[in-house]
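Q: One structure, as structure tokens, below. Some questions next.
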Amino acid sequence: MDLPSEQAADFRRTLARWYKQHARSLPWRETRDPYRIWDSEVMLQQTRVNAVLEHYARFLRKFPTIVSLALAPEADVLAVWSGLGYYRRARMLHKAAQFITAELDGVLPSTSAELRKLPGIGEYTSAAIASIAFGESIAVVDGNVERVLLRLTGRPEQTTSESKRFVADQAAALVPQRRSGTNAPGDHNQARMELGATICMPKGPLCLQCPVYDFCRTRGEHKTEAREKMRSRRVAYLLHQRKRGSVIEVMLHHRPADASLMPGMYELPELPMDGVEAYTPTLRVRHSITNTNYYVEVFTADKTLLRALPLSIREYEWCRLGQLADLPLTGLARKVLRRLHLIASPGVRMPQPETMMRQ
DNA sequence: AAGCCGTGGGG
DNA sequence: TCCCCAAGGCT
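The first sequence runs 26 to 384 under my numbering.
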């Protein structure tokens with residue numbers, strides 16, 4: 026696009042006006058508590074707003090401050106994260122909170138350069154927190170911004186480092202300077218992402234509603250590359266319960282701490298498919314992970330199925346139904362146990378936003 | 001630096 | 001039902 030400076034200013038004003046009027050009301054936009062903004066940005070990494078909303082409220086109710094997060098056992102942090110995916114984010118967030126508590130007097134750094142050094146905070150997240158929470162004039166580039174800028178400029182979508190640099194340069198050229206009394210950089214960055222999320226979507230962009238239509242080279246003609254096709258796979262899990270006095274327990278598998286996939290999380294014991302052919306499932310659910318659709322069947326235990334388990338019984342753990350909600354369950358385990366009414370769906374209650382903490 | 005890490009909702 | 005995601009970071 027390479028707008029002349031007055032046109033760049035016009036673009037910024039137009040976008041700002043649109044954002045003020047159309048920004049969705051989201052909990053992390055009601056606060057300037059850097060900790061809350063940090064949490065939201067980590068949760069939003071590769072994750073839809075809808076999925077974040079529920080977890081965000083629960084997370085902040087349970088860990089309202091950096092110190093409270095730092096002091097919590099990792100399993101508790103993972104338990105609240107359960108269902109959000111990319112569990113390493115939760116571990117890194119936890120680690121960063123511990124580092125900040127131990128080394129930085131419990132205060133989140135206020136510049137992108139310092140934030141960038143913390144685990145789980147990369148190029149995008151450091152710029153997002155620095156601009157939104159602290160008003161730093163730095164450009165945020167996420168998937169939305171990249172798509173918006175490529176469409177605006179008419180440059181084809183590419184994964185080359187040259188293309189990345191082009192987008193970064195364009196983004197940097199359009200970021201407003203810091204001004205007192207407002208947060209122009211933070212609002213501008215959020216406005217770009219909001220535009221990408223609600224108007225300039227990957228498929229079927231709503232160009233006729235776009236505030237910067239006049240600045241756009243492509244106006245919806247821009248193509249995005251096709252994805253790899255999803256695969257399908259059938260999997261089977263065992264439901265095995267027992268009674269100890271008045272408490273009911275269910276048998277779970279605790280994934281090893283060094284597993285690459287969902288380490289330390291709890292799931293139902295997996296059964297080999299060839300052991301369940303003669304059985305009718307107690308429950309069927311679909312579950313998609315990355316590029317695979319899983320068609321999941323859950324079978325109630327009997328002696329034959331117990332013998333089909335890949336591990337010896339001792340290697341599984343008996344967990345009380347009452348404590349399931351506090352366990353770091355995999356998303357699938359949580360889904361299955363909820364469908365079977367063995368754990369309650371969480372009541373979603375939003376915490377009151379903190380009083381503005383504008384400096 | 002390309003590949004890996006998860007998910008529930010919506011079309 | 002089947003497919004497509006979405007505000008990245010790390011190794």
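Just so it is clear, CB atoms sit at the ideal spot from N, CA and C, and this is done for glycine as well. The structure presented is a predicted model; accordingly, all values stated were derived computationally and were not measured.
For residue 368 and residue 87, I'd like the C-alpha separation in whole angstroms.
A: Within the first sequence, numbered from 1, the residue matching residue 368 stands at position 343. Within the first sequence, numbered from 1, the residue matching residue 87 stands at position 62. Taking the straight line from one Cα to the other gives about 19 Å.
Q: Tell me the rounded alpha-carbon separation between residue 258 and residue 296.
A: As a working mapping, residue 258 is identified with position 233 in the first sequence. As a working mapping, residue 296 is identified with position 271 in the first sequence. If you take the alpha carbons of residue 258 and residue 296, they lie about 14 Å apart.
Q: Are the beta-carbon atoms belonging to residue 288 and residue 103 less than 7 Å from one another?
A: In the first sequence, counting from the first residue as 1, residue 288 sits at position 263. In the first sequence, counting from the first residue as 1, residue 103 sits at position 78. Not a contact, by the Cβ cut-off of 7 Å.
Q: Take every Cβ of the segment 301 to 319, pair it with every Cβ of the segment 257 to 275, and state whether three or more of those distances are shorter than 8 Å.
A: These segments touch.
Q: So is residue 42 buried or exposed if we call it buried at 16+ other beta carbons inside 10 Å?
A: The sequence position of residue 42 within the first sequence is 17, counting from 1. Exposed: under 16 other Cβ atoms inside 10 Å.
Q: Look up residue 173 in the DSSP assignment and give the residues it is bridged to.
A: As a first step, residue 173 must be located in the first sequence, where it is residue number 148. DSSP, once it has assigned bridges, lists no residue as partnering residue 173.
Q: Hey, out of 165, 129, 116, 191, whose CA is closest to residue 200's CA?
A: Translated into the one-based positions of the first sequence, residue 200 becomes position 175. Residue 200 has its Cα closest to that of 165, out of 165, 129, 116, 191.
Q: Considering only C-alpha positions, which residue in the set 216, 196, 185, 244 is nearest to residue 50?
A: As a first step, residue 50 is located in the first sequence; it is residue number 25 there, counting from the start. The candidate whose alpha carbon is nearest that of residue 50 is 216.
Q: So, at 7 Å on beta carbons, what are the nonlocal neighbours of residue 112 in its own chain, with the 5 sequence-adjacent residues on each side left out?
A: Within the first sequence, the letter at position 87 stands for residue 112. For residue 112, where only same-chain residues beyond five positions count, the Cβ hits under 7 Å are 103, 106, 287, 290.
Q: Suppose only complete runs of 3+ residues qualify. What are the beta strand (DSSP E) ranges in the segment 288 to 370, listed by chain order?
A: If we require 3 residues or more, the beta strand (DSSP E) runs fully inside the segment 288 to 370 come out as 308 to 314, 317 to 325, 342 to 345.
Q: For residue 163, count neighbouring C-beta atoms within 10 Å of its own C-beta (all shown protein chains included) and say buried if the count is 16 or more, exposed if not.
A: In the first sequence, residue 163 corresponds to position 138, counting from 1. Buried is the call here.
Q: Answer yes or no: do residue 143 and residue 121 have a C-beta to C-beta separation smaller than 7 Å?
A: Position 118 of the first sequence holds residue 143. Position 96 of the first sequence holds residue 121. Yes; because the gap between Cβ atoms is below 7 Å, this pair is in contact.
Q: How many Å lie between residue 31 and residue 150 at the Cα?
A: Taking the first residue of the first sequence as position 1, residue 31 is located at position 6. Taking the first residue of the first sequence as position 1, residue 150 is located at position 125. If you take the alpha carbons of residue 31 and residue 150, they lie about 29 Å apart.
Q: Select from 329, 332, 224, 344 the residue whose C-alpha is nearest the C-alpha of residue 268.
A: Locating residue 268 in the first sequence gives position 243, where the first residue counts as 1. It is 344.
Q: Along the chain, where does the alpha helix (DSSP H) containing residue 277 start, and where does it finish?
A: As a first step, residue 277 is located in the first sequence; it is residue number 252 there, counting from the start. No alpha helix (DSSP H) contains residue 277, which is instead part of the beta strand (DSSP E) from 272 to 279.
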